[in-house]
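Under the numbering used here, the residues of the sequence shown are numbered 50 to 330, in order. Cβ coordinates follow ideal geometry from the N, Cα and C atoms, glycine included. Reviewing the structure listed below.
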Amino acid sequence: MNFTTQLLLDGLMFPEGPRWHQGYLWFTDQHAKLIKKVDLHGQSFVISELSDLPGGLGWLPDGRLLVVSMQHRQLLVLEHGKLKLFADLSEFASFHCNDLVVDQLGRSYVGNFGYDLHGGEPVTTAEIILVLPDGTVKIVTKKVVFPNGMVITPDGKNLIVAETFASQLSIFEINNDGTFGEQKLWADLGEAFPDGICLDQENAVWVACPNTGDVIRVKQGGEIVDRVTPIGNAYACMLGGDERKTLFVLSSETDDPEQAKKMLSGRIEIVDVTVPGAGLP
């Protein structure tokens, strides 16, 4: 099925890292260095401002917000309205950190670029870094290509990651201690570059693909069963709303920092889909 979106919010620099939480879509306006949230009526609020580019978002079991500080390669926590260091990842990440997912036990998984993408370095593998609730840091894999969006299955036993420049989704079994088992292919996406992803209750994954501009719904094995055509190029997506059947699509005309600041073409678009979201966002 082909879906088209409606505009919820525009005038952003570069929206990323969407998470549905307590009745709002939380996201980062990356090149504006802001953490924000928006309701279903399009009213938005600033939560916090960083001195660095904000990446992925997640919550600890006690309700504290975590955010990735990308270029500083840190994981920050919001406490009493102020961002503080939760874990220093600079000795573990090959390059700038990126997306984040937090499991029900408060274990955080953080990806990174692996190489200087905008500086023209050749594609190479990168790490996914595990941060335990006490701040302990360890690498759980070094074999993923530009790990981007991640989801954890509802049973907490598997993590699916978008490997952007490998054009695939990979899956890892999560061991009892939070480390990973063997890496396996979940879906080959052909020419598409997967960025942000989210999981639904039929175990299909919605995938934002900025190089093709659309969002595809993929079953394990690679079958594309639904497609969304947004207004702009899609970089991230999230299922939310009252029944978690609203697909939020974060789009922009550019991911270049200077152009994004000038163009303000970042948008959040919405469309109603048939299968609700599942698992941790």
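Under the three-state DSSP convention, the category residue i falls into
i: Met62; result: coil
i: Thr323; result: coil
i: Ala81; result: helix
i: Pro67; result: strand
i: Glu98; result: strand
i: Ala309; result: helix
i: Arg266; result: strand
i: Gln123; result: strand
i: Val151; result: strand
i: Ile280; result: coil
i: Lys206; result: coil
i: Asp226; result: coil
i: Ser139; result: coil
i: Val349; result: Summary: the structure shown does not reach residue 349, with the chain confined to residues 50 through 330, and so no result is reported for it.
i: Leu218; result: strand
i: Leu166; result: coil
i: Phe144; result: coil
i: Gln92; result: coil
i: Thr331; result: Given that the chain is displayed from residue 50 to residue 330, the structure contains no residue 331 and the question cannot be resolved.
Supposed close pair residue i, residue j - CB separation, criterion 8 Å
i: Leu299; j: Pro67; result: 6 Å
i: Leu124; j: Leu114; result: That belief does not hold up - the Cβ atoms of Leu124 and Leu114 are roughly 11 Å apart, past 8 Å.
i: Pro259; j: Tyr284; result: 5 Å
i: Pro315; j: Ser301; result: Residue identity differs from the one stated: residue 315 is Gly in this sequence, not Pro. Right, the Cβ-Cβ distance comes to about 4 Å (below 8 Å), so this counts as a contact.
i: Pro182; j: Gly155; result: 4 Å
i: Leu58; j: Lys82; result: With a Cβ gap of about 18 Å, Leu58 and Lys82 do not count as contacting.
i: Leu149; j: Gly227; result: About 14 Å separates the two Cβ atoms, so there is no contact after all.
i: Ala374; j: Val267; result: Summary: the structure shown does not reach residue 374, with the chain confined to residues 50 through 330, and so no result is reported for it.
i: Asn147; j: Phe162; result: 6 Å
i: Ser216; j: Leu248; result: Contact doesn't hold; Cβ gap of about 19 Å is too wide.
Residue i - partner residues in DSSP beta bridges
i: Pro196; result: Glu212
i: Trp235; result: DSSP lists no partner for Trp235.
i: Arg316; result: Ser300
i: Gly41; result: Absent from the structure is residue 41, since the part of the chain shown begins at 50 and ends at 330.
i: Gly289; result: Thr295
i: Thr190; result: Ile177
i: Phe242; result: DSSP output for Phe242 lists no bridge partner at all.
i: Glu251; result: Answer is none; Glu251 lacks a bridge partner.
i: Asp275; result: Arg266
i: Leu134; result: Leu125
i: Asn260; result: Asn260 is not bridged to any residue.
i: Val4; result: With the chain covering 50 to 330 only, the question about residue 4 has no answer from this structure.
Close beta carbons around residue i, own chain, < 8 Å, minus the five adjacent residues each side
i: Gln55; result: Glu318, Ile319 and Val320
i: His341; result: No statement about residue 341 is possible, as the shown extent of the chain runs from 50 to 330 and does not include it.
i: Asp304; result: Phe63, Pro259 and Tyr284
i: Val151; result: Gly107, Trp108, Leu109, Leu115, Ser157, Tyr158 and Leu329
Cutoff 7 Å; reference residue i; Cβ partners in own chain excluding five residues on either side
i: Thr261; result: Ala241
i: Met312; result: Glu302 and Thr303
i: Ile96; result: Ile84, Lys85 and Lys86
i: Glu140; result: none
Chain-order list of residues whose beta-carbon lies under 6 Å from that of residue i (same chain, five-residue window excluded)
i: Phe229; result: Val189, Thr190 and Phe221
i: Thr77; result: Glu65, Gly66, Ile84 and Pro103
i: Lys133; result: Val126
i: Arg337; result: The requested residue 337 does not occur in the structure, where the chain is confined to residues 50 to 330.
i: Leu74; result: Pro67, Val87, Gly289 and Phe297
Per the contact definition of three or more C-beta pairs closer than 8 Å, is the segment 103 to 112 in contact with the segment 306 to 325?
no
Cβ pair count under 8 Å reaching 3, the segment 182 to 196 against the segment 215 to 226:
yes
Report yes or no: do the segment 89 to 96 and the segment 169 to 178 share at least 3 C-beta pairs separated by less than 8 Å?
No: the two stretches stay apart, fewer than three of their Cβ pairs being nearer than 8 Å.
On the three-pair Cβ rule with 8 Å, is the segment 225 to 236 touching the segment 280 to 291?
Result no; under three Cβ-Cβ pairs closer than 8 Å.
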